[in-house]
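Protein chains: 2
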Amino acid sequence: MLAVARRKGFEAHCLSVDYGQRHKGELAAARRVARELGAASHRAARVSLSLFGGSALTDPAIAVPKGRSASQMGGDIPVTYVPARNTVLLSVALAWAEVLGASDIFLGVNAIDYSGYPDCRPEFLRAFERLARVATRAGVQGSRVRIHAPLLRLGKASIVRLGTRLGVPYHLTLTCYDPVRGRACGRCDACTLRRQGFEAAGVPDPTRYHRPKKEK
Amino acid sequence: MLAVARRKGFEAHCLSVDYGQRHKGELAAARRVARELGAASHRAARVSLSLFGGSALTDPAIAVPKGRSASQMGGDIPVTYVPARNTVLLSVALAWAEVLGASDIFLGVNAIDYSGYPDCRPEFLRAFERLARVATRAGVQGSRVRIHAPLLRLGKASIVRLGTRLGVPYHLTLTCYDPVRGRACGRCDACTLRRQGFEAAGVPDPTRYHRPKKEK
Chain A
3 MLAVARRKGF EAHCLSVDYG QRHKGELAAA RRVARELGAA SHRAARVSLS LFGGSALTDP
63 AIAVPKGRSA SQMGGDIPVT YVPARNTVLL SVALAWAEVL GASDIFLGVN AIDYSGYPDC
123 RPEFLRAFER LARVATRAGV QGSRVRIHAP LLRLGKASIV RLGTRLGVPY HLTLTCYDPV
183 RGRACGRCDA CTLRRQGFEA AGVPDPTRYH RPKKEK
Chain B
3 MLAVARRKGF EAHCLSVDYG QRHKGELAAA RRVARELGAA SHRAARVSLS LFGGSALTDP
63 AIAVPKGRSA SQMGGDIPVT YVPARNTVLL SVALAWAEVL GASDIFLGVN AIDYSGYPDC
123 RPEFLRAFER LARVATRAGV QGSRVRIHAP LLRLGKASIV RLGTRLGVPY HLTLTCYDPV
183 RGRACGRCDA CTLRRQGFEA AGVPDPTRYH RPKKEK
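In the order they appear, the protein sequences are chains A and B. If you count the first sequence from 1, you need to add 2 to reach this note's numbering. If you count the second sequence from 1, you need to add 2 to reach this note's numbering.
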């Protein structure tokens, strides 16, 4: 997503949010990717969503599902859904955008090959855009916030191909919900979808997966 | 607002947010008021909006305006506006509400006798309500979030009278943007509007104001 924004000519101020997620490693990974892709800045904001729990990503007592095939992901919204997370992320982004004087907010959500999260859907993004235009001083003064989700309608293989073309340093990225000693678990839904994306795109997968020791 | 929700029969789970505001004392005050009014729980979430600044309430380098009359507040949105703050507050509330299984969110905003903040207006609340209904699993499953703002269209005097009738412990509340040693400054816009509300309502003002030492 950042590579797309940069290619379109945007000066990019990158926001990561520490919301108490298991995979906090994504914050450091995002910082490295931001630097590599020439972002103007990177900030990590904190929001204590783990105070409420209610998700496998923020509550250690709820296990992250492992070993599900993509076809098994099509049903109910999974326990990795974090209540209202993307609403919170976009709100914090909107706050920073207003301080920066920026009116374009990019978000990496995807509604194909995804886990069925409600706040990755086009109708969510449109509703947030409408909200943003009445929520801020900038909006009242005529600035029209645009929410860009350039990956929204791409399958994972298309995303991998696009990123490869744009020079995304995939070896620096972290997708896994439940890393083991800094390595991708290889078995959560996020790992499964990512791995299949690389396979389908015919692009070598640089991800360093955790290899459990063989039992004796 | 809490007294209204309680009177309507709601079990109340109260959320305060530490967003790096000058007047952090409002968090402890909210906790005391919640206890006094029989709330089921009170939580203080953290959101690091002071990371971005852009407001007199979150950036120590921007002074809180003092000594303005109510008529002077009618013009531009003042520097005490915190970019996207109520969007952030409602987003965090939406997250907790979904975990609780609650569909009624109360917010104490007021659009009469106020400072002209865009995110206190009815159109903002309606836009957030529409967003909430597509943003969450609960929404997808048919729960219809309602945003209640029972003080929205009341003048400050009416609010004081209503609260008095409902037994609000006003001596425990904190309104001031810039307290001095735990006491209301008496001169910021919030203090001015609050004081005038008590006066116009003919209700004794229990606020303990800071009294600067007289110059010699």
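Ideal Cβ positions, reconstructed from N, Cα and C, are used throughout, including at glycine.
- Within 8 Å of the CB of B:E28, no CB atom of chain A is found; the nearest one sits about 17 Å away.
- The segment 130 to 168 of chain A contains, as complete beta strand (DSSP E) runs of 3+ residues, the segments 148 to 150 (chain order).
- When secondary structure is reduced to three states using DSSP, A:D121 falls in the helix class.
- Note that the C-beta distance between B:L153 and B:N112 is below 8 Å.
- Looking at the DSSP output, B:Y21 sits in no beta bridge, so it has no partner there.
- Closest by C-alpha distance to A:I107, out of A:L195, A:E131, A:F126 and A:E125, is A:E131.
- For the set A:P208, A:Y211, A:H173 and A:T177, the Cα lying nearest the Cα of A:G27 is the one of A:T177.
- From the listed residues B:C122, B:V101, B:Y83 and B:A137, the smallest Cα separation to B:L109 is found for B:C122.
- Residue burial annotation: B:P85 is buried, with at least 16 other C-beta atoms found within 10 angstroms of its C-beta.
- Taking the beta carbon of B:L39 as reference, no residue of chain A falls within 9 Å; the closest one sits roughly 22 Å away.
- Taking the CA atoms as reference points, B:G77 sits about 17 Å from B:S57.
- Non-local beta-carbon contacts of A:L174 in its own chain, meaning distances under 7 Å to residues more than five positions away in sequence, involve A31, R34, V35 and E38 in chain order.
- Among the residues facing chain A, B:L59 is not included, as its CB has no counterpart in that chain under 8 Å away.
- For B:D191, the enclosing alpha helix (DSSP H) has its first and last residue at D191 to A203.
- The Cβ atoms of B:N88 and B:F54 lie no closer than 8 Å to each other.
- If you look at A:A58, you'll find it isn't in any alpha helix (DSSP H); DSSP assigns it neither H nor E.
- Shown here for A:S52: same chain residues with a beta carbon closer than 6 Å to its own, the five before and five after excluded, namely G22 and T60 in chain order.
- For B:S50, the chain A residues whose C-beta falls within less than 8 Å of its own C-beta are A47, R48 and V49, listed in chain order.
- Listed in chain order, the non-local C-beta contacts of B:P181 below 6 Å within the same chain comprise H25 and G27, local neighbours out to five positions each way being set aside.
- Listed along chain A is no residue with a C-beta nearer than 8 Å to that of B:A159; the closest approach is about 27 Å.
- For the pair A:H15 and A:L102, the CB atoms are nearer than the 8 Å cut-off.
- Look at B:F108 here: in three-state DSSP terms it is strand.
- One thing to note: B:S117 has its Cβ no nearer than 8 Å to the Cβ of B:D207.
- A:V6 has its alpha-carbon roughly 10 Å from the corresponding atom of A:A151.
- A:R9 places its beta carbon less than 8 Å from that of A:L168.
- Where A:S93 is concerned, the enclosing alpha helix (DSSP H) starts and stops at R87 to L102.
- For chain B, the residues of the segment 97 to 121 of chain A that bring a beta carbon within less than 7 Å of one of its beta carbons are A97, W98, E100, V101, P120 and D121, in chain order.
- Rounded to whole angstroms, A:T138 and A:E100 show a C-alpha spacing of 8 Å.
- Within chain A, the residues L96, A97, W98, A99, E100, V101, T138, R139 and A140 have their CB atoms less than 9 Å from the CB of B:P85, given in chain order.
- Annotation for B:R37: the continuous alpha helix (DSSP H) segment containing it runs G27 to E38.
- Put simply, the CB of B:R132 is near chain A, with a gap under 8 Å to one of its CB atoms.
- B:V90 has a beta carbon lying within less than 8 Å of a beta carbon in chain A.
- Under the criterion of beta carbons closer than 8 Å, B:R48 and A:S93 do not qualify as touching, at roughly 14 Å.
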